[in-house]
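Residues in the sequence shown are numbered from 46 upward in steps of one, following my numbering. Note that CB positions come from ideal geometry on N, CA and C, so glycine has one too. Everything numeric in this text was worked out from a predicted model, so none of it was measured.
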Amino acid sequence: MIILVLGFRELGGWDEMMKVCGAVTVNEYGDSMTSLIRSNSDANFPWLGALIGSAIIGFWYWCTDQYIVQRVLSGKNEREARRGAIFGAYLKLLPVFLFLIPGMIAFALHQKMLPSGGFLPLLESGNVNADAAFPILVAKLLPAGLKGLVVCGILAALMSSLASLFNSSAMLFTIDFYKRFRPQTPEKKLVVIGQAATVVIVVLGILWIPIMRGVGDVLYTYLQDVQSVLAPGIAAAFLLGICWKRTSAQGGMWGLIAGIVIGLTRLGAKVYYSIAADSGSSLFKYLFYDINWLFFCGWMFLFCMIVVIAVSYATSAPSADKIQGLVFGTVNPEQKANTRASWNHWDIIHTVIILTITGAFYWYFW
Numbered sequence: 046m047i048i049l050v051l052g053f054r055e056l057g058g059w060d061e062m063m064k065v066c067g068a069v070t071v072n073e074y075g076d077s078m079t080s081l082i083r084s085n086s087d088a089n090f091p092w093l094g095a096l097i098g099s100a101i102i103g104f105w106y107w108c109t110d111q112y113i114v115q116r117v118l119s120g121k122n123e124r125e126a127r128r129g130a131i132f133g134a135y136l137k138l139l140p141v142f143l144f145l146i147p148g149m150i151a152f153a154l155h156q157k158m159l160p161s162g163g164f165l166p167l168l169e170s171g172n173v174n175a176d177a178a179f180p181i182l183v184a185k186l187l188p189a190g191l192k193g194l195v196v197c198g199i200l201a202a203l204m205s206s207l208a209s210l211f212n213s214s215a216m217l218f219t220i221d222f223y224k225r226f227r228p229q230t231p232e233k234k235l236v237v238i239g240q241a242a243t244v245v246i247v248v249l250g251i252l253w254i255p256i257m258r259g260v261g262d263v264l265y266t267y268l269q270d271v272q273s274v275l276a277p278g279i280a281a282a283f284l285l286g287i288c289w290k291r292t293s294a295q296g297g298m299w300g301l302i303a304g305i306v307i308g309l310t311r312l313g314a315k316v317y318y319s320i321a322a323d324s325g326s327s328l329f330k331y332l333f334y335d336i337n338w339l340f341f342c343g344w345m346f347l348f349c350m351i352v353v354i355a356v357s358y359a360t361s362a363p364s365a366d367k368i369q370g371l372v373f374g375t376v377n378p379e380q381k382a383n384t385r386a387s388w389n390h391w392d393i394i395h396t397v398i399i400l401t402i403t404g405a406f407y408w409y410f411w
């Protein structure tokens with residue numbers, strides 16, 4: 046928040062930021078840097094693609110990813126889990142002021158300082174290095190003491206996030222895979238297996254760094270590209286699994302496999318065609334490289350759903366006792382009563398407040 050205040054003081058206020066950013070067009074359809082809803086022909090964020098792709102990625106991350114789900118499962122009961130999610134939604138509103146607005150401030154400062162060389166460094170492609178916006182703001186706007194404090198805060202948050210990520214990944218491998226095939230394994234050995242899995246994950250992460258440069262030259266672009274191919278298969282399997290009683294284990298598994306194969310093909314194509322000097326044009330290149338990542342996410346999700354449905358019909362349906370209470374339509378009256386007793390008007394009020402604030406952001410930056 047200190048960066049936000051000092052950034053506005055350096056730039057000249059909110060109105061100046063909106064004026065400078067609004068004067069910069071991002072495509073030939075008249076959309077500017079302040080346009081959240083862009084033309085459906087926009088190369089990066091078409092509005093229909095954003096509507097579909099963001100919903101799929103959001104469902105995958107917030108409803109199925111172990112990194113998030115483990116926090117909900119740690120709740121003492123359903124009421125605490127729900128209210129923890131609502132509190133998390135309030136916290137999720139803060140990045141607008143912690144990252145989005147400071148990024149716009151950095152861009153506006155860069156535009157105003159172009160005659161003297163600009164505020165931000167440039168990439169080899171000639172585009173502004175968006176990844177440098179936050180560190181440049183810290184380096185140029187904050188006094189010496191606050192710089193160290195902010196850096197320490199960032200490192201602490203990074204270490205916390207990485208620790209949670211490694212813990213989630215190690216637990217998934219140890220409990221859901223290793224212990225499943227070797228159920229008699231003692232607890233001490235499971236701890237060692239989890240530690241070994243953590244080391245392997247760290248090594249794989251380091252080896253993955255060169256691939257990141259081939260997928261995108263901006264960190265945000267890379268993250269979105271990876272999430273757009275990681276989310277559809279998982280989201281399709283989970284969504285059908287909780288909404289359709291006919292979904293079988295084999296259907297979910299083959300949906301996940303289809304998502305992995307298509308996702309790796311997309312990432313491989315991104316790396317290959319980004320370094321290929323003259324790759325020409327082909328149907329494969331269009332499908333796995335040229336098509337917008339948000340639309341690709343939507344089509345991939347649809348394909349994975351078809352795979353899950355087709356394989357589920359080709360295999361035996363799960364028994365009623367196995368899906369009792371896990372699929373919509375199988376919840377008994379007692380479970381419904383317990384769920385109803387876990388929320389009251391305060392949950393509704395805070396949910397409405399969050400949705401209203403979110404809607405206000407969309408309306409303002411329309």
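| Asked | Found |
| --- | --- |
| Have a look at Gly313, Ala281, Ile287 and flag the residue whose alpha-carbon is nearest the alpha-carbon of tryptophan 299. | Ala281 |
| Taking the C-alpha atoms as reference points, what is the distance between asparagine 389 and tryptophan 107? | 23 angstroms |
| Considering Cα atoms alone, identify which of Ala189, Gly163, Gly190 is closest to alanine 178. | Gly163 |
| Within the same chain, show all residues whose beta-carbon is closer than 7 angstroms to that of phenylalanine 333, passing over the 5 residues directly before and after it, in chain order. | Thr310, Arg311, Ala314 |
| With DSSP run on the structure shown, which of helix, strand or coil describes proline 277? | helix |
| Work out the CA separation of isoleucine 101 and alanine 386 for me, nearest whole Å. | 30 angstroms |
| In chain order, which continuous runs of the alpha helix (DSSP H) of length 4 or greater are located wholly inside the stretch 207 to 253? | none |
| Determine the direct distance from the alpha carbon of aspartate 176 to that of leucine 143, and round the result to whole angstroms. | 14 angstroms |
| Drop a sphere of 10 angstroms on the beta-carbon of glutamine 229, count the other beta-carbons inside from all chains shown, and report buried for 16 or more, exposed for fewer. | exposed |
| Does DSSP put proline 91 in a helix, a strand or coil? | strand |
| Does DSSP classify threonine 70 as helix, strand or coil? | strand |
| Buried or exposed: tryptophan 338, going by 16 or more other Cβ atoms within 10 Å of its Cβ? | buried |
| For valine 263, does the three-state DSSP call read helix, strand or coil? | coil |
| In chain order, what residues of the same chain have a beta carbon less than 6 angstroms from the beta carbon of valine 376, not counting five sequence neighbours either side? | Gly370 |
| Is the CB-CB distance between glycine 304 and methionine 345 below 8 angstroms? | yes |
| Return the first residue and the last residue of the alpha helix (DSSP H) that alanine 321 is part of. | Alanine 321 -> no alpha helix (DSSP H), and no H or E assigned at all. |
| Determine, using beta carbons only, whether isoleucine 181 and leucine 56 come nearer to each other than 8 angstroms. | no |
| Which residue wins for smallest C-alpha separation from isoleucine 368, given the options Val183, Tyr331, Lys290, Gln269? | Lys290 |
| Restricting to Cα atoms, I'd like to know which of Ile279, Val114, Leu284 is closest to methionine 216. | Val114 |
| Identify which residue in Thr360, Ile287, Ile393 has its Cα closest to the Cα of glycine 417. | What is shown of the chain runs 46 to 411, which leaves residue 417 out entirely. |
| Assign threonine 5 to one of two classes, buried (16 or more other C-beta atoms within 10 Å of its C-beta) or exposed (fewer than that). | Since the first residue of the chain shown is 46 and the last is 411, residue 5 is not available in this structure. |
| Is it the case that the CB of valine 353 approaches a heavy atom of the ligand NAD more closely than 7 angstroms? | The model on display carries no ligand, and the ligand NAD is accordingly not part of it. |
| In whole angstroms, give me the CA-to-CA distance for asparagine 174 and methionine 63. | 20 angstroms |
| Considering only residues of the same chain and omitting the five flanking positions on each side of valine 183, which have a CB-CB separation below 8 angstroms? | Ile48, Lys192, Val195, Val196 |
| Could you give the DSSP three-state label for arginine 83: helix, strand or coil? | strand |
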